[in-house]
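K.L.:
Taking the working numbering, the leading residue of the sequence shown gets 9, the next gets one more, and so forth. All C-beta atoms in this analysis are idealised placements derived from N, C-alpha and C, irrespective of residue type, glycine included. Source: prediction; values computed, not measured. Below: one structure in structure tokens.
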Amino acid sequence: MKNFLLNTEAKKICFILSAICIFCFAKAISQPTLGFNKIASGLSSPVDIKNAGDGSKRIFIVEQSGTIRIYKNGTLLKKPFLNISDRVKYRGGEQGLLSIAFHPRYSNNRFFFIYYNNTNGDITLARYKASRTDPDVADPSSGVILFSRPKPGGFGNHNGGTLQFGKDGYLYLSIGDGGSEGDPFGNGQSGQTFYGKMLRLDVNMSNKPYYAIPPDNPFVNNPDVLDEIYYLGLRNPWKWSFDSKTNDVWIGDVGQDSLEEIDFRKPNGAGANFGWRCYEATRPYNTNNCKKKGAYVFPIFKYHHDVNNGGECVIGGYVYRGTKYPQLQGYYICADYVKTNAWKIKPNNSGGWNITLQQGIPASLVSFGEDEAGELLASTRTGDVYHVIATTNFVESAPGITNANAAVFVYPTLVDNNLITVTLNDHYNFARIIDMNGREIIRKDISNAAGKISLHLPDLSAGTYIVQLVGSKTIQQKIYIAR
């Protein structure tokens, strides 16, 4: 008991000192808060957002039913850029027109590429050309097919996929394992199928099949793996992107029963195997005929199928490289389709990652995109498109100092019995406890509370946490959990 009291007193001294100097490093741990400004609505399942990189500042929006729309000078043009709805299988599920990517030399050659399910459901990669006389219209007769592959088992789900061009000038395409559940054909680990893979193609060919194999693709000398394959072991990599500054790869791979994941690779990480179906994120799923665990690349971030702090369908995003919101610079933004949760991810400069949860984003968010300036966009399955902005910074506050030197509202600040008392001097919607990485630990509805309330804390590891009261304004205070 004596040692405990001595340790407790030492912690109090350290805690007081940390409170005094908190503003010395508050800027370093500030977190931007995402906002969503609606710029367009009424679209039909807008599942991909791209720019042409041609200086026009236009935004191209893929409607899953088979059309591509243009947002130009603040207006959504009525006439589609391209309409191939008669060539696309779309019945409201996972099939349809899924992605677009513009050739790096689009300004000169007017080539762009689309990925879709044809009327048979086959995954199809095609090349089209914009009109010579009207840049806001594509030539529907210019289309050529690079490949079209039937779905194994005829399943409609797990098509992937997103098209992106790398800085190397090659076209990359993510493709899901083909469905149904649990990868019944073992496609993720099979080197003889495009399903469950990332492909890398040289699309500068004039003749059939209109693509060639980049000579430095990782499996060109491996007879067990198709030459087009760049990564293996993916389940349903619906949305992924390159960091436009570093060329790092970020993949949102939709999970099976319990875990969603974000995978990350440096530009020199070709040939990675992300583990599906042997592993769902880090959880063994079906390890029959699998390699040792060290043969697989595991995610840098995973979250559970959890109502409050997780979700059920990850939507991969982008690293912010715009200029309007410098506080957002370098953060990777992703979200969940089922739950209104988003995450901000950034290296912690110690080989790990700082990951912050933000709740309350627009529902059914299905895609992110970038404009020519690197500003972020997002769309919802229900037909809205947003500019993603940074509204305010979350800055850790010292005990007794909350935004405008407000009074201490939490007691005690050194907690050793899992109970704190909170004084409500205003109306708030909810109280929450978050850790120093921004992860929400608990949330309590206090919309009908007044005066003093008690919060019972779960068994938490010793360390510093933030108590936050959220309403028309947000105040916060540091506490220390003693163990």
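With a CB to CB cut of under 6 Å and the five nearest residues on each side skipped, what residues in its chain are close to residue 253?
P.N.:
Position 245 of the sequence shown, counting from 1, holds the residue named residue 253. Cβ neighbours of residue 253 beyond the five flanking positions: 329.
K.L.:
Alpha carbon to alpha carbon, what distance is there between residue 236 and residue 136?
P.N.:
Position 128 of the sequence shown, counted from the first residue, corresponds to residue 136. Position 228 of the sequence shown, counted from the first residue, corresponds to residue 236. Taking the straight line from one Cα to the other gives about 21 Å.
K.L.:
Output yes if chain C places a C-beta closer than 8 Å to the C-beta of residue 380; else output no.
P.N.:
Among the chains in the structure shown there is no chain C, since it carries only a single protein chain.
K.L.:
So residue 385 packs on residue 374, CB below 8 Å; how close in whole Å?
P.N.:
Here the question's residue 385 lines up with position 377 in the sequence shown. Here the question's residue 374 lines up with position 366 in the sequence shown. Residue 385 to residue 374, Cβ: 12 Å. No contact.
K.L.:
So what's residue 43 in DSSP terms, helix, strand or just coil?
P.N.:
Within the sequence shown, residue 43 is the residue found at index 35, counting from 1. Strand.
K.L.:
Which whole-angstrom value describes the C-beta separation of residue 441 and residue 488, a residue pair presumed to lie in contact below a C-beta threshold of 8 Å?
P.N.:
Numbered from 1 along the sequence shown, position 433 holds the residue referred to as residue 441. Numbered from 1 along the sequence shown, position 480 holds the residue referred to as residue 488. With a Cβ gap of about 12 Å, residue 441 and residue 488 do not count as contacting.
K.L.:
Between which two residues does the alpha helix (DSSP H) holding residue 114 run?
P.N.:
Counting from one through the sequence shown, the residue named residue 114 turns up at place 106. 114 to 117 is the extent of the alpha helix (DSSP H) around residue 114.
K.L.:
At what residues does the beta strand (DSSP E) containing residue 369 begin and finish?
P.N.:
Within the sequence shown, numbered from 1, the residue matching residue 369 stands at position 361. Element bounds for residue 369: n/a, residue is neither H nor E.
K.L.:
Could you tell me the distance, in whole angstroms, from the CA atom of residue 485 to the CA atom of residue 371?
P.N.:
Numbered from its first residue, the sequence shown carries residue 485 at position 477. Numbered from its first residue, the sequence shown carries residue 371 at position 363. Just so you know, the alpha carbons of residue 485 and residue 371 end up roughly 30 Å apart.
K.L.:
Assuming the contact rule is C-beta atoms closer than 8 Å, residue 509 and residue 144 should be a hit. Round their C-beta distance to whole Å, please.
P.N.:
What the structure shows of the chain is the stretch from 9 to 491, and residue 509 is not part of that stretch, so it cannot be assessed.
K.L.:
Apply the 10 Å Cβ neighbour rule to residue 470 and answer buried if 16 or more other Cβ atoms are within range, or exposed otherwise.
P.N.:
In the sequence shown, counting from the first residue as 1, residue 470 sits at position 462. Exposed, since its Cβ has fewer than 16 Cβ neighbours within 10 Å.
K.L.:
Which class does residue 335 belong to by DSSP, given the choice of helix, strand or coil?
P.N.:
Position 327 of the sequence shown, counted from the first residue, corresponds to residue 335. Residue state, collapsed to three classes: helix.
K.L.:
Given residue 361, which residues of its chain have a CB within under 8 Å of its CB, disregarding the five upstream and five downstream residues?
P.N.:
Working through the sequence shown from its first residue, we reach residue 361 at position 353. Result list for residue 361: 308, 309, 353, 354 and 355, in chain order.
K.L.:
In or out: residue 265 buried (at least 16 other Cβ within 10 Å) or exposed?
P.N.:
Numbered from 1 along the sequence shown, position 257 holds the residue referred to as residue 265. So residue 265 counts as exposed.
K.L.:
Between which two residues does the beta strand (DSSP E) harbouring residue 465 extend?
P.N.:
Numbered from 1 along the sequence shown, position 457 holds the residue referred to as residue 465. Looking at the DSSP string, residue 465 is not in any beta strand (DSSP E), and its letter there is neither H nor E.
K.L.:
Measure the C-alpha to C-alpha separation of residue 475 and residue 462 and round it to an integer number of angstroms.
P.N.:
For the purposes of this step, residue 475 is taken as the residue at position 467 of the sequence shown. For the purposes of this step, residue 462 is taken as the residue at position 454 of the sequence shown. So the two alpha carbons sit approximately 12 Å from each other.
K.L.:
Contact check, residue 273 vs residue 261 under 8 Å by CB: the rounded distance?
P.N.:
Residue mapping note: residue 273 aligns to position 265 of the sequence shown, counting from 1. Residue mapping note: residue 261 aligns to position 253 of the sequence shown, counting from 1. Contact flag wrong, Cβ pair sits at about 12 Å.
K.L.:
Alpha carbon to alpha carbon, how far is residue 230 from residue 83? Give it in angstroms, no decimals.
P.N.:
As a first step, residue 83 is located in the sequence shown; it is residue number 75 there, counting from the start. As a first step, residue 230 is located in the sequence shown; it is residue number 222 there, counting from the start. If I take the Cα positions, the gap works out to 50 Å.
K.L.:
Have a look at residue 483 and residue 437 and give me their C-alpha separation to the nearest angstrom.
P.N.:
The sequence position of residue 483 within the sequence shown is 475, counting from 1. The sequence position of residue 437 within the sequence shown is 429, counting from 1. Straight-line Cα distance between these residues: approximately 12 Å.
K.L.:
Out of curiosity, what's the CA-to-CA distance linking residue 113 and residue 248?
P.N.:
Translated into the one-based positions of the sequence shown, residue 113 becomes position 105. Translated into the one-based positions of the sequence shown, residue 248 becomes position 240. Cα to Cα, the separation comes out at about 22 Å.
K.L.:
Check each candidate in 42, 74, 76 and 80 and name the one with the smallest Cα separation from residue 379.
P.N.:
For the purposes of this step, residue 379 is identified with residue 371 of the sequence shown, where counting begins at 1. Nearest C-alpha to residue 379: 80.
K.L.:
Give every residue of the same chain whose Cβ lies closer than 6 Å to the Cβ of residue 187, excluding the five residues on either side of it in the sequence, and list them in chain order.
P.N.:
Within the sequence shown, residue 187 is the residue found at index 179, counting from 1. These residues qualify, in order along the chain: 163, 165 and 166.
K.L.:
Can you confirm whether the stretch 105 to 123 touches the stretch 192 to 201 when touching is taken to mean that 3 or more C-beta pairs between the two stretches lie within less than 8 Å?
P.N.:
no
K.L.:
Excluding the five sequence neighbours on either side, which residues of its own chain have a C-beta within less than 6 Å of the C-beta of residue 150, listed in chain order?
P.N.:
The count along the sequence shown starts at 1 and reaches residue 150 at position 142. So the qualifying residues of the chain are 136 and 137.
K.L.:
Could you tell me whether the stretch 168 to 175 touches the stretch 101 to 115, using the rule of 3 or more Cβ pairs below 8 Å?
P.N.:
yes
K.L.:
Once you ignore the five residues that flank residue 204 on each side, which residues in its own chain have a CB closer than 6 Å to its CB?
P.N.:
Here residue 204 corresponds to residue number 196 of the sequence shown, with the count starting at 1. Taken in chain order, the residues that qualify are 185, 195, 196 and 242.
K.L.:
With a CB to CB cut of under 7 Å and the five nearest residues on each side skipped, what residues in its chain are close to residue 89?
P.N.:
Locating residue 89 in the sequence shown gives position 81, where the first residue counts as 1. Same-chain partners within the cutoff: 68, 76, 77, 78, 144, 145 and 146.
K.L.:
What's the C-alpha gap between residue 389 and residue 434?
P.N.:
Your numbering for residue 389 matches position 381 in the sequence shown. Your numbering for residue 434 matches position 426 in the sequence shown. In a straight line, the C-alpha of residue 389 is about 37 Å away from that of residue 434.
K.L.:
Excluding sequence positions up to five away, which residues of its chain have a Cβ less than 6 Å from the Cβ of residue 479?
P.N.:
Walking along the sequence shown from the start, residue 479 turns up at place 471. Contacts found: 435, 436 and 437.
K.L.:
If you draw a straight line from the C-alpha of residue 46 to the C-alpha of residue 72, how long is it?
P.N.:
Numbered from 1 along the sequence shown, position 38 holds the residue referred to as residue 46. Numbered from 1 along the sequence shown, position 64 holds the residue referred to as residue 72. Taking the straight line from one Cα to the other gives about 20 Å.
K.L.:
Just how far apart, CA to CA, sit residue 345 and residue 97?
P.N.:
The count along the sequence shown starts at 1 and reaches residue 345 at position 337. The count along the sequence shown starts at 1 and reaches residue 97 at position 89. So the two alpha carbons sit approximately 22 Å from each other.
K.L.:
To the nearest angstrom, how far is the alpha carbon of residue 282 from that of residue 289?
P.N.:
For the purposes of this step, residue 282 is identified with residue 274 of the sequence shown, where counting begins at 1. For the purposes of this step, residue 289 is identified with residue 281 of the sequence shown, where counting begins at 1. For residue 282 and residue 289, the distance between alpha carbons rounds to 8 Å.
K.L.:
Going by beta-carbon coordinates alone, are residue 278 and residue 238 separated by less than 8 Å?
P.N.:
On the sequence shown, position 270 is the one that residue 278 refers to. On the sequence shown, position 230 is the one that residue 238 refers to. Result yes, Cβ atoms of residue 278 and residue 238 sit closer than 8 Å.
K.L.:
Can you tell me whether residue 201 is buried or exposed? The criterion is at least 16 other CB atoms within 10 Å of its CB, across all chains shown.
P.N.:
Taking the first residue of the sequence shown as position 1, residue 201 is located at position 193. With 16 or more other Cβ atoms within 10 Å, it is buried.
K.L.:
Measure the C-alpha to C-alpha separation of residue 43 and residue 158 and round it to an integer number of angstroms.
P.N.:
Here the question's residue 43 lines up with position 35 in the sequence shown. Here the question's residue 158 lines up with position 150 in the sequence shown. Rounded to whole angstroms, residue 43 to residue 158 spans 41 Å at the Cα level.
K.L.:
Which residue's Cα is closest to the Cα of residue 85: 269, 156 and 51?
P.N.:
If you number the sequence shown from 1, residue 85 lands on position 77. Among 269, 156 and 51, the Cα nearest to that of residue 85 belongs to 51.
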